[in-house]
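Enquirer: Numbering (full-length UniProt numbering), first residue to last: 1 to 148.
All residues carry an ideal CB built from backbone N, CA and C; glycine is no exception.
(1) Between residue 100 and residue 109, what straight-line distance do the alpha-carbon atoms span, to the nearest angstrom?
(2) Can you say whether residue 75 is buried or exposed, counting buried as having 16 or more other CB atoms within 10 angstroms of its CB?
(3) Taking the beta carbon of residue 50 as the centre, do at least 16 other beta carbons fall within 10 Å, making it buried, or is it exposed?
(4) Quick one: is residue 20 buried, meaning 16 or more other Cβ sit within 10 Å of its Cβ, or exposed?
(5) Among residues of its own chain, excluding the 5 on either side of residue 126, which ones have a beta-carbon nearer than 8 Å to its beta-carbon?
(6) If contacts are defined as beta-carbon pairs under 8 Å, then residue 71 and residue 28 qualify, I think. What distance do you get, rounded to the angstrom?
(7) Suppose the cutoff is 7 Å on Cβ atoms and the five residues either side in sequence are ignored; what does the same chain contact list for residue 24 look like?
(8) Nearest-angstrom Cα distance between residue 130 and residue 124?
(9) In the DSSP assignment, find the alpha helix (DSSP H) that holds residue 46 and state where it starts and stops.
Listed below in structure tokens is the structure:
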């Protein structure tokens with residue numbers, strides 16, 4: 001819920017609550033990324049430096065979740081940290097990278113931010129054989145069709 005003081009209090013006593021997953025496999029770090037709460041993300045990764053490695057039930061990292069939900073600040077959190085940049089091309093169970101998910105949802109600011117990263121693979125292909133730009137074009141066509 002974005003209460004940094006409460007997060008700090010939990011983490012002072014034990015870090016294990018940070019690793020607990022819900023039914024969808026989301027841990028506290030995933031949820032903070034889903035909500036775009038960078039302050040909580042910072043607290044969690046400080047107390048639990050390996051928490052970024054956790055995957056949800058769909059094989060997604062917290063960066064996938066942030067990109068899919070359109071939180072530019074949360075995506076920037078990952079890109080600013082050299083130890084987390086490796087997540088940029090990570091593929092989920094369907095082969096989607098964070099860029100694929102941002103493209104599907106039409107989060108153009110995130111797409112532009114990711115494209116500017118020299119480490120990003122803009123030609124990454126998911127299991128459907130689609131690149132992020134293919135996904136973007138297909139989602140635009142779908143939105144246009146739904147409007148008419």
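Expert: Short version:
(1) In the chain shown, residue 100 corresponds to position 100, counting from 1. In the chain shown, residue 109 corresponds to position 109, counting from 1. Rounded to the nearest angstrom, the two C-alpha atoms are 13 Å apart.
(2) As a working note, residue 75 is residue 75 in the chain shown. Under this definition residue 75 is a buried residue.
(3) One-based indexing of the chain shown puts residue 50 at position 50. Classification of residue 50: exposed, given that the 10 Å Cβ count is below 16.
(4) The residue labelled residue 20 in the question sits at position 20 within the chain shown. Residue 20 is exposed by the Cβ-count criterion.
(5) Indexing the chain shown from 1 puts residue 126 at position 126. Same-chain partners within the cutoff: 91, 94, 95, 96, 97, 100 and 135.
(6) In the chain shown, counting from the first residue as 1, residue 71 sits at position 71. In the chain shown, counting from the first residue as 1, residue 28 sits at position 28. Their Cβ separation, rounded to whole angstroms, is 16 Å, which puts residue 71 and residue 28 out of contact at 8 Å.
(7) Indexing the chain shown from 1 puts residue 24 at position 24. 56 and 57, listed in sequence order.
(8) Position 130 of the chain shown, counted from the start, is the residue given in the question as residue 130. Position 124 of the chain shown, counted from the start, is the residue given in the question as residue 124. One C-alpha to the other measures close to 8 Å.
(9) Position 46 of the chain shown, counting from 1, holds the residue named residue 46. Taken as a continuous stretch (DSSP letters only), the alpha helix (DSSP H) holding residue 46 covers 38 to 47.
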